[in-house]
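Everything in the sequence shown is counted per the numbering used here, starting at 534 for the first residue and increasing by one.
Virtual Cβ for every residue (Gly too), placed ideally from N, Cα, C.
In this text, all values refer to a predicted model and were calculated from it rather than measured experimentally.
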Amino acid sequence: MWNGRVRALAAAFCVLLPAAATAAGDRVPVEAFAHHGGYSMPRLSPDGKYLAVTVEQGEDHAVVIYQLDDMSHAKSLLRMPAHQMPYDIQWVGPERLVVELAQFFGSLDRPEQLGEILSTDVEGKRVQPMFSREWGQAGRGGLEHSPDDGYATVAGWPSKANDHFYMQTYMWNNEKNTSLYDVNADNGIRHLIGEINTGDMDFTVDPGGHVRYAQGLDINNHYVVYRMQNSLWSQLANGNDGNRFAPITFSQDGQHLYALSSTKGGPMALVETTADGSQTRLLTKDDFSSIDYIQWTPQRAPFAASAASGIPKETIFDANQPLAKFYQGISQKFPGEFVNFSSLSEDGSMLVFEVSSDRNPGAYYLFDIKHMKIQKLFDENTGIDPSKMAARLPMRFIASDGTPLEAILTVPAGGSMNDLPMVLLPHGGPFDIKDTWFFDDDAQFLASRGYLVLQVNFRGSAGRGPGFVDSGYGKWGTRIQQDLIDGVKWAETQHYADPKRVCVFGGSFGGYSAMMTVIRAPGLFKCAIGYAGIYDLAMMYDKGDIKDRKSGRNYLEQAIGKDPGELAANSPDKLADKIDVPVLLIHGEEDQRAPFAQAKAMRAALDAAHKPYEWLTKPDEGHGFYNEKNLVDMYNHVQAFLEKNIGPGVN
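Quick look at the structure:
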């Protein structure tokens, strides 16, 4: 049973996760940027008596539960099965926690949900599968032992914790159907409360436990949203008209629905509608970017939010909420940093908040509102000294076709912004992913070595609305690359970057861009580093995990097309003779997202074209290096390669 795979043990934080080594000199050691052990996802129990957190040490992951009146020892420690980690944790009762499992395939990928869920009590003695492909399913009559052949996620929970939660399931034998269950987390018994025959949807449930909305991408990767009316689903929009309505949650009294809304593909605004959708009120919007970083009360009412771009600054649109005043007061105590309310007790008397910034990876605090007492809980990365980190400056520039774009510059600490050696750092994805003002390991590492870092939120990036995302489809090797090239030219025109000392370094889609920008703009760069990149577009239809599902194959057609000539014209391995700079290729040999065959194809093309390159691979790594020693080795190779080709940094 599960007790053989996940054991409950009492352990203190300091025993599980020792602090990272500190530097002897002023330069931050490379190990600090490679270190990914730490604490995250603090969650208060509904009654405010317990705190659950996820912990990581190397490849080991666990959920630890503490009793707040005695934080010296853990109440329980739930170790994750090998190669798994918590994707999310949520209290569903005063003494019961639900854990969604994930697998980490590499540092360039976000943890991928496994679609399996378990629950545990505070003692860690009653750990049970809620949805498991190995351990069976819970039916109306109790726990059964036939496998759950599908995928499940937590869709929500009742407004008052009662040991139940809502679970949506997507079964492999029926790619069009999504079901919603009310699940008793204490015994695993589930009851069907809704379903839709459209695809892998997300449900929104009202406080009475009735399914009201379903939204998501259909099998053809088109956004759709449905509302339940008279026991039938009614489609509100299909996303093709440029409008978007994305329900978030109902208020606790069920009278209001909060949602994100876009008109003609523009930035998403935060709105409040009546329960039947007949009336809508704008809460906050931004003309350039979508709304993000929403702050909520325990009663599921938003009171503040910020634009997704730039340096986040919360706009309080409901000053009557008592928590709004606390939010303002806490923010004033942490100038230059962003405060996020991450977890609250049901009565709002206990609060966990996070403080983070461009220089601070994050620190969590416990606020006992009744006694007006704030206590620091932990730092996310104990090896990082924020005072030694670089400032990240969001800016805007105009692309060559007149489109305004956001750029983020990370400026080496203590240096001016005049004619610096610069590294272009394209993000992965490329769709619905964005670079933000917040702490970035790669950018901060490069800046710590004296390089200016440029990141561009090109066409296809998140944060500007669905129209901006859609504008990148079919343009992997063309307009997206031009946006990156325009960003470099802008930085040079502003005399931020020295035109004679510019390199490009990117991971995943960024690795693709590292090769393509060099090809599209001869003479602009002095070197290129491709990390876990895609270099042969046609190969994506034959190798890798994207092709394994119909939705993935439809995504590929939408993103890169199927025309063999176009695929070849936008594949770096078919254009290697146009690469006029030294190249460093870095890849994990077990990569499933961008298979190792991609790196070997690029290497063969460079060999055939007699182009210089360096090569770094690791046999047990996936999509981005995860082992800390391998990350250190990678960063050291990157630093040496940059110094050889664009000279040392400025500090």
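Give every residue of the same chain whose Cβ lies closer than 6 Å to the Cβ of Lys1177, excluding the five residues on either side of it in the sequence, and list them in chain order.
none
Hey, quick one: how far does the beta strand (DSSP E) through Leu1108 stretch, first residue to last?
Note, Leu1108: premise wrong, no beta strand (DSSP E); not H, not E.
Helix, strand or coil: which one does DSSP assign to Val738?
Correct three-state label for Val738: strand.
If we ignore side chains and look at the alpha-carbon of each, how far apart do Val716 and Ser876 end up?
22 Å
Measure the Cβ-Cβ separation of Tyr826 and Pro800 and say whether it is below 9 Å.
No; because the gap between Cβ atoms is not below 9 Å, this pair is not in contact.
I'd like to know whether the C-beta atoms of Gln1131 and Tyr1068 end up nearer to each other than 9 Å.
Going by C-beta atoms, Gln1131 is nearer than 9 Å to Tyr1068.
Counted within 10 angstroms of its Cβ, other Cβ atoms place Glu592 as buried (16 or more) or exposed:
exposed
Count the CB pairs spanning the segment 899-918 and the segment 979-991 that are closer than 8 Å, and state whether there are at least three.
They do not touch, by the three-pair rule.
Asp1019 lies in the alpha helix (DSSP H); which residues open and close that run?
1012-1026
Close beta carbons around Val1165, own chain, < 8 Å, minus the five adjacent residues each side:
Val563, Glu564, Ala567
Does DSSP put Tyr703 in a helix, a strand or coil?
strand
Alpha carbon to alpha carbon, how far is Ile1179 from Lys1059?
7 Å
Can you tell me which residues form a DSSP beta bridge with Ser1004?
Ser1004 pairs with nothing; no bridge assigned.
Identify which residue in Ile1052, Ile1018, Ala1109, Gln908 has its Cα closest to the Cα of Asp602.
Gln908
Can you tell me whether Ser878 is buried or exposed, with buried defined as 16 or more other CB within 10 angstroms of its CB?
buried
To the nearest angstrom, how far is it from the Cα of Trp970 to the Cα of Thr817?
Rounded to the nearest angstrom, the two C-alpha atoms are 21 Å apart.
I'd like the list of long-range same chain contacts for Ile941, defined as Cβ closer than 6 Å, with 5 residues on each side in sequence excluded.
Arg925, Pro927, Asp968, Gln988
Please list, in chain order, all residues of the same chain as Gly996 whose beta carbon is under 6 Å from its beta carbon, the five residues on each side excluded.
Ser822, Ser823, Ala841, Ser842, Lys967
Would Leu634 and Leu611 be called neighbours here (beta carbons separated by less than 9 Å)?
Leu634 places its beta carbon 9 Å or farther from that of Leu611.
Could you have a look at Pro855 and say whether DSSP puts it in helix, strand or coil?
helix
Straight-line gap, Ala1109 to Tyr1159 (C-alpha atoms, nearest Å):
For Ala1109 and Tyr1159, the distance between alpha carbons rounds to 29 Å.
If you follow the beta strand (DSSP E) that Glu1186 is part of, which residue opens it and which one closes it?
In the structure displayed, the chain extends from 534 to 1184; residue 1186 sits before or after that span and is not available.
Considering only their Cβ atoms, is the gap separating Asp1124 from Glu1090 smaller than 9 Å?
no
Just the C-alpha distance for Arg760 and Ala896, rounded to the nearest angstrom, thanks.
40 Å
Let me make sure I understand the geometry here. Which of Leu953, Phe1129, Lys1095, Asp974 has the alpha-carbon closest to that of Lys1076?
Ranking Leu953, Phe1129, Lys1095, Asp974 by Cα distance to Lys1076 puts Phe1129 first.
Could you tell me the boundaries of the beta strand (DSSP E) in which Ser712 lies?
In the DSSP assignment, Ser712 falls within the unbroken beta strand (DSSP E) covering 711-717.
Give the list of continuous beta strand (DSSP E) stretches no shorter than 3 residues that lie fully inside the segment 1029-1067.
1030-1040, 1060-1064
Which residue wins for smallest C-alpha separation from His743, given the options Glu1025, Gly689, Val956?
Gly689
Rounded separation between Ile859 and Gly881 - CA only
First, the residue type needs correcting, since residue 859 is Phe and not Ile in the sequence shown. As the crow flies, the alpha-carbon of Phe859 is around 11 Å from that of Gly881.
With H, G and I counted as helix, E and B as strand and the rest as coil, what does DSSP make of Val1165?
helix
Tell me which same chain residues have a C-beta within less than 6 Å of the C-beta of Asp735, skipping the five on either side of it?
Gln748, Gly749
Could you tell me which of Gln646, Pro691, Ala694 sits nearest to Tyr703, measuring between CA atoms?
Gln646
For Gly947, I'd like the list of residues in its chain whose CB is within less than 8 Å of its CB, leaving aside the five on either flank, ordered along the chain.
For Gly947, the CB contacts under 8 Å within the same chain, skipping 5 residues up- and downstream, are Asn1184 in chain order.
Can the beta-carbon of Arg666 be found closer than 9 Å to that of Glu649?
Yes. Within cutoff.
Going by the beta-carbon positions, is the gap between Met1049 and Gly1010 smaller than 9 Å?
In contact: Met1049 and Gly1010 (Cβ atoms closer than 9 Å).
Spatial neighbours of Asp509 within its chain, please: CB distance less than 6 Å, with the 5 preceding and 5 following residues excluded, ordered by chain position.
For residue 509 there is no data in the structure shown, the boundaries of the chain being 534 and 1184.
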